[in-house]
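Novice:
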Amino acid sequence: MNVIKRELRAHLKALIIWSICIFIMIMLSMSEFSVYYNNPELAAILDTMPKAMLKAFSINSANLTTVSGYVSILSIYFYIMLGIHAVLLGSSIISKEERDKTAEFLYTLPTSRQKIITGKLVAAVINCLILLGVTCLAVIVAILKYEPGETFFAFLKLNMLSIFFIQMIFLSIGMLMASIIKRYKKSGSISVSILLGTYILSVGISFSDKIEFMKYITPFKYFEPLYLLNENKMEGVYIIISSILILICLIGTFYFYPRRDLRI
Amino acid sequence: MNIIEINKLTKYYGKARGIIDVSFNVKKGEIFGFIGPNGAGKSTTIRTLLSLIYPTSGSAKIFGKHIIKDGPEIRKEIGYLPSEIFYYDKMKVKDLLKYSASFYKKDCTKRMYELADIMELDLTRRIEDLSYGNKKKVGIVQGLLHEPKLLMLDEPTSGLDPFMQKKFFDLVVEENKKGTTVLFSSHILAEVQQLCNRVAIIKEGSIVKIEDIKKLQEDHYKKIIIKGKDLDVKKFNIPEVKELVKNNNELSFFYNGDINKIIQTIGSGIIKDILILDPSLEEIFIHYYK
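Respectively, the protein sequence lines represent chains A and B.
Reminder that position 31 of the first sequence reads as 31 in this note's numbering, one-by-one numbering, no gaps.
Take the position in the second sequence, starting the count at 1, then add 264; the result is the number in this note's numbering.
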């Protein structure tokens, strides 16, 4: 409990900054939507663009001019932003004790490393949930004047759930990296590289059918906004893959970190 | 009764040597000195005992319990003062100490204020605003506030002025009188001499000697200085003589053996003056490092 409180306080400032940035980003991009809203001419222009390119950015003519459609296009940026937040948080919440040399204090207290990282995990999940809440709120605030209907909120629910999965995947990857990489200074950059690498892969998959089978290894393909929008559900197989991935990373963290020689 | 039992503890960092086959016991109620130069393996030993790092081979017990398996339980009764103190910069001293205290299942508030008072520590300041010496004071308070049964001090006096150093030593002695066992690592011999009952000397990762501090000074070596003209250096080239130095009309060396034999050896020369001394711990120490 004391660790959770301590970590929440330690990350409060960063969380506030992230929240403000996300809020502003959403407000700005939603203000752009007024140009597209109910604008059939724009849809006609889009139809002339190469299919692959549109696919890469999850755009099609039908969705750019509706509220749900527009939010679905933004979704990929939510995935990336909140994913980066989560992966950095996961990596730093573990590695900062070595980075700041406070490990010698924290891990000589009468408690196990497992208990401390459990506290850190809980604090990190709370951080992710708050940022997700801010994202959700910002979207609702920005969209309210277009009087969205039930379909929009049904989509928003799925969308937020998807972001949460993405956050948890990258949070656990970040924590695992910080636990297994001996040079703790590198864990942050390696974690972000994994995120960007999988994102680039997901874009690549949109361009080429030959590597479509790789969609299982990039979380950005698990919850494609268009699928959520059209099918009104998440794909079960990806929920299972995500859960397994999260579980493996967390088990790895809880296995490797307590066995690690701390660098002081 | 042994508070610490170390059995052939070995630690390699990859291929780099940490400590090799370190074995010694620390008895209940003693102040045990652990001396050696920087890089000899003092901190490695202590960090292994605290499970910050794990041994390559060998084992150790504290309070009769396994250091790794029972780590969290053992650490309830350990106070640790690292050689360099790092805390969360943004925290206030008071909050940091309260955070530390929250891990011990007892009320440490009273002792915390007492100790802060003794060490003249301002509890309202932020960690990042503190000088090195003041951080050390926070470390001392943090290490002692739960009234531990075992104190592990890793070069504790660096950064403290002589006045605070004395206060700190008094504190350690006082705790020791209450029954606290102390493991005191240092490379400053005077302070070890002042406080400790027994010492272990560590050199390049291995224990060279474990001895009573008195015995270390009394037994074995005598420092002998002979003054006189035309002293014959050759006849002192016997195995019992170490560190033979000739300086103008003066010969000095360390002698470890039958005192009659050396008297006889000296006796046949022309001597103006002779001094037979107990070597200082510094000199013994330097000797072990040759």
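All residues carry an ideal CB built from backbone N, CA and C; glycine is no exception.
The structure displayed is predicted, hence computed values, not measured ones.
Using 8 angstroms as the threshold, is the C-beta distance between Y257/A and I241/A below it?
Specialist: no
Novice: Taking the straight line between their C-alpha atoms, what separation do you get for G90/A and V192/A?
Specialist: Between G90/A and V192/A, the C-alpha separation is close to 11 angstroms.
Novice: Secondary structure at K499/B, three-state DSSP: helix, strand or coil?
Specialist: For K499/B, the secondary structure class from DSSP, reduced to helix, strand or coil, is helix.
Novice: Given 8 angstroms as the limit, is there contact between the segment 41 to 57 of chain A and the segment 378 to 388 of chain B, that is, 3 or more CB pairs closer than that?
Specialist: No, they do not touch.
Novice: Distance check for L64/A and V35/A, CA to CA, integer angstroms please.
Specialist: 10 angstroms
Novice: Which first and last residues belong to the beta strand (DSSP E) in which N289/B is found?
Specialist: 280 to 291
Novice: Can you tell me whether T48/A is buried or exposed? The criterion is at least 16 other CB atoms within 10 Å of its CB, across all chains shown.
Specialist: It counts as exposed.
Novice: Out of S323/B, F298/B, R311/B, Y318/B, point me to the one whose CA is closest to D285/B's CA.
Specialist: Looking at the Cα atoms, S323/B is the closest of the given residues.
Novice: Please return the same chain residues whose Cβ sits closer than 7 angstroms to the Cβ of I283/B, not counting the five positions on each side in sequence.
Specialist: L273, T274, K275, G305, T308, T309, G469
Novice: Assuming I332/B is part of the alpha helix (DSSP H), what are its boundary residues?
Specialist: Per DSSP, I332/B belongs to no alpha helix (DSSP H) and is neither H nor E.
Novice: Indicate whether F33/A and Y70/A have their beta-carbon atoms separated by less than 8 angstroms.
Specialist: yes
Novice: Counting Cβ pairs, one atom from each stretch, are 3 or more of them under 8 angstroms apart for the segment 414 to 423 of chain B and the segment 336 to 345 of chain B?
Specialist: yes
Novice: Tell whether a beta-carbon distance below 8 angstroms holds between L121/A and I163/A.
Specialist: no
Novice: With a threshold of 8 angstroms, are at least 3 pairs of Cβ atoms found where one atom belongs to the segment 346 to 365 of chain B and the other to the segment 87 to 103 of chain A?
Specialist: yes
Novice: Quick check on T265/A: buried or exposed, where buried means 16 or more other Cβ atoms within 10 Å of its Cβ?
Specialist: Because chain A spans 1 through 264 in this model, residue 265/A falls outside it and cannot be assessed.
Novice: With a CB to CB cut of under 7 angstroms and the five nearest residues on each side skipped, what residues in its chain are close to E269/B?
Specialist: Excluding positions up to five away in sequence, the list reads N289, A324, K325.
Novice: Under 8 angstroms, Cβ to Cβ, is there at least one residue of chain B near T48/A?
Specialist: no
Novice: Quick one: residues in its chain with C-beta nearer than 7 angstroms to the C-beta of A124/A, no 5 flanking neighbours on either side, listed in chain order?
Specialist: L89, G90, I93, L171
Novice: Could one say the Cβ of S364/B lies closer than 8 angstroms to chain A's Cβ atoms, at least one of them?
Specialist: yes
Novice: Taking just the CA atoms, how far does G328/B sit from L424/B?
Specialist: 34 angstroms
Novice: If you count every other CB in all the chains shown that lies within 10 Å of the CB of S247/A, and 16 or more means buried, which is it?
Specialist: It is Leu, not Ser, that sits at residue 247/A in the sequence shown. Flag for L247/A reads exposed.
Novice: Taking the beta carbon of N38/A as the centre, do at least 16 other beta carbons fall within 10 Å, making it buried, or is it exposed?
Specialist: exposed
Novice: Which one of L515/B, E507/B, K479/B, A464/B has the shortest CA to CA distance from L495/B?
Specialist: L515/B
Novice: For K185/A, which option in L196/A, R99/A, L176/A has the closest C-alpha, if you only look at C-alpha atoms?
Specialist: R99/A
Novice: Alpha carbon to alpha carbon, what distance is there between P301/B and H451/B?
Specialist: 5 angstroms
Novice: Against chain A, which members of the segment 425 to 457 of chain B pass a CB distance test of less than 7 angstroms?
Specialist: none
Novice: Under a CB-based cut-off of 8 angstroms, is Y396/B close to chain A?
Specialist: no
Novice: Closer than 7 angstroms by beta-carbon distance: list the chain A residues that pair up with F296/B, in chain order.
Specialist: Chain A residues near F296/B: none, gap ~19 angstroms exceeds 7 angstroms.
Novice: Please decide whether I264/A counts as near chain B, where near means a Cβ-Cβ distance under 8 angstroms.
Specialist: yes
Novice: Go through its chain and collect everything with a Cβ distance to V67/A's Cβ below 6 angstroms, but skip five positions before and after it.
Specialist: Excluding the 5 residues flanking it on each side, V67/A has same chain C-beta neighbours closer than 6 angstroms at I143, Y146, P148, F152, in chain order.
Novice: Listed in chain order, which residues of the segment 108 to 133 of chain A have Cβ atoms closer than 9 angstroms to some Cβ of chain B?
Specialist: T108, L109, P110, T111, S112, R113, K115
Novice: Taking the alpha helix (DSSP H) that S187/A belongs to, which residues open and close that run?
Specialist: 184 to 207
Novice: Check whether the Cβ atoms of I530/B and I538/B lie closer than 8 angstroms to each other.
Specialist: yes
Novice: Counting only beta-carbon atoms, is P336/B nearer than 8 angstroms to chain A?
Specialist: By this cut-off, P336/B is an interface position.
Novice: Looking only at C-alpha atoms, which of L379/B, D393/B, L361/B sits nearest to K431/B?
Specialist: L379/B
Novice: With F518/B as the anchor, note down where its alpha helix (DSSP H) starts and where it stops.
Specialist: Careful: F518/B lies outside any alpha helix (DSSP H), inside the beta strand (DSSP E) at 514 to 519.
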